[in-house]
Structure formats: C-alpha cells, structure tokens
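Participant: Under numbering that gives the first Met the number 0, the first residue of the sequence shown carries the number 0, and numbering increases by one thereafter.
The beta-carbon is built from N, C-alpha and C at its ideal position, and this holds for glycine as well.
Please read these numbers as outputs of a predicted model, since none were measured by experiment.
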Amino acid sequence: MNTNSVNFFENNPVESNNSGSELVIAGWRLSNPENMGKIIRLGHNVNAKTILFIKDDEVHRESKIKKTAGFSFNQTEWKFISEKEFISDYLPGNNLVVLETCDGAKNIFTEKLPSKTIILAGSESHGLPENIIEKSNYKVFIPMPGGCKSMNISNALSVAVFEWFRQQNY
C-alpha cells in the first residue's frame, strides 16, 4: 500500500469551492518557534493568503521555525508584524475571529464563520489582550469535554482553520 501524501493528492485532488473566500491566520506574541513553523505549514495546507505573527521586539531564530515549517517555509507568505500594523493594515476590511475562552465566545462548530476572515489565537501562556478581543467580530472556542481544558496553539489553530475550510467548501 502506498501512503505517500504527495502521490495521494495528485491522484485525489481536493476541489475548493470557496471562491471569494480569503483566510489570514494570525498568532499573537508567540514564543515557541516550533509552533510558528507548524502554523506556517498549516497556512500552506489550506492556501491561506498569509500567516501573521504579531509581536513587538522579540527575536526568533528562523532556523528553528524553518526546521518545523519544512517545505512550507519558502512556499507561502508569512511575516512578523507589530500590533499597530495589525490594527491599521489588516483589521480594516476583514472579519476578525478570535479563538479564545472569553465572555461571549461561541462554540466554533455551531458558529457560522465568515468567508473573508482573520483567525487569531493568543500566545501559549497569556492568550489575547482585552483590547484585541474587543475589536473582534466573532469570538469562538473549541469545546473540550475531557479533563484537559487547554490546547497547544498550533493544534487549536488547526482545528479552527479546518472548521473554517469545511464551512467554506462543504
């Protein structure tokens, strides 16, 4: 049995019915370069318009990000931007969906997500600040019935991004 994913998708292409849909994936002040690499790869998987890492002055070794992102590192658009750039350059004209356990958050599996959107998740240790949550159009959470009520940011964004993809295409 051949389990090569490249060969599989060459023979079983995934059609995208999401004309007019546009996705930006964003991470707020992430500290783990491996998570950044996983998020870059995720964005490449779903053909996201861009992947943003919102941060101030922290410096990350791109070699660690590249190691996890693999092939996707140079194949999809991603960048570091400031909070000011995020608010002025990306929020206008986009729906901001925050992935956060906050007041007013709705179950991501029952909330209709907009076709042109930014999905933003907060840092691994601090989440999103209140001033950013207040700017959102949608607040969603991932239901977790088990004993652990937290999820790694790259895993949480994967759930959210593929739920967005499912809603746009199926």
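#1: Classify Asn154 as buried or exposed, calling it buried when 16 or more other Cβ atoms lie within 10 Å of its own Cβ.
#2: So Ser81 packs on Asp55, CB below 8 Å; how close in whole Å?
#3: Which of the three DSSP states is assigned to Lys148 in this structure?
#4: Please determine, among Lys138, Thr2, Trp27 and Val58, the residue with the shortest C-alpha to C-alpha distance to Thr177.
#5: Where Ile118 and Gln167 are concerned, what is the direct C-alpha to C-alpha distance, given to the nearest angstrom?
#6: Which one of Met143, Met35 and Tyr169 has the shortest CA to CA distance from Thr100?
#7: Does the ligand SAM have a heavy atom nearer than 7 Å to the CB of Tyr137?
#8: Pull up the distance between the alpha-carbon of Glu76 and that of Gly36, whole angstroms please.
#9: Buried or exposed, going by whether 16 or more other CB atoms sit within 10 Å of the CB of Thr2?
#10: Give the secondary structure of Asn16 by DSSP, where H, G and I count as helix, E and B as strand, and everything else as coil.
#11: From this set, Val58, Val97 and Tyr169, which residue's C-alpha is nearest Ile131's C-alpha?
#12: With a 10 Å radius around its C-beta and 16 neighbouring C-beta atoms as the bar for buried, classify Arg165 as buried or exposed.
#13: Measure the CB-CB distance between Glu21 and Lys48 and report whether it falls below 8 Å.
#14: Tell me the DSSP bridge mates of Asn94?
#15: In chain order, which alpha helix (DSSP H) runs of at least 4 residues are fully inside the segment 34–117?
#16: Which residues share a DSSP beta bridge with Glu126?
Facilitator: Once the coordinates are examined:
#1: Walking along the sequence shown from the start, residue 154 turns up at place 155. Residue environment analysis places Asn154 among the exposed positions, since fewer than 16 neighbouring C-beta atoms fall within 10 angstroms of its C-beta.
#2: As a working mapping, residue 81 is identified with position 82 in the sequence shown. As a working mapping, residue 55 is identified with position 56 in the sequence shown. The pair is a contact, with the Cβ atoms about 6 Å apart (cut-off 8 Å).
#3: For this step, residue 148 is matched to residue 149 along the sequence shown. DSSP places Lys148 in coil when its eight states are reduced to three.
#4: Outside the shown range of the chain (0 to 169) lies residue 177, about which nothing can therefore be said.
#5: Looking up residue 118 in the sequence shown gives position 119. Looking up residue 167 in the sequence shown gives position 168. If you take the alpha carbons of Ile118 and Gln167, they lie about 14 Å apart.
#6: Within the sequence shown, numbered from 1, the residue matching residue 100 stands at position 101. Taking only the C-alpha atoms, the option nearest Thr100 is Met143.
#7: The ligand SAM is absent from the structure shown, which contains no ligands of any kind.
#8: The residue given as residue 76 occupies position 77 in the sequence shown. The residue given as residue 36 occupies position 37 in the sequence shown. Approximately 12 Å between the Cα atoms of the pair.
#9: In the sequence shown, residue 2 corresponds to position 3, counting from 1. Counting the other Cβ atoms within 10 Å of the Cβ of Thr2 gives fewer than 16, which makes it exposed.
#10: Counting from 1 along the sequence shown, the entry for residue 16 is found at position 17. The three-state reading of DSSP puts Asn16 in coil, since its state is none of H, G, I, E or B.
#11: As a working note, residue 131 is residue 132 in the sequence shown. The residue with the shortest Cα to Cα distance from Ile131 is Val97.
#12: Reading the sequence shown from its first residue, position 166 is the one you call residue 165. Burial call: exposed.
#13: Numbered from its first residue, the sequence shown carries residue 21 at position 22. Numbered from its first residue, the sequence shown carries residue 48 at position 49. Yes, the pair counts as a contact, with Cβ atoms nearer than the cut-off.
#14: Reading the sequence shown from its first residue, position 95 is the one you call residue 94. Asn94 is bridged to Thr116.
#15: Whole alpha helix (DSSP H) segments, 4+ residues: 61–68.
#16: Counting from one through the sequence shown, the residue named residue 126 turns up at place 127. Just to set this straight, residue 126 is Gly in the shown sequence, not Glu. Gly126 pairs with Ser122.
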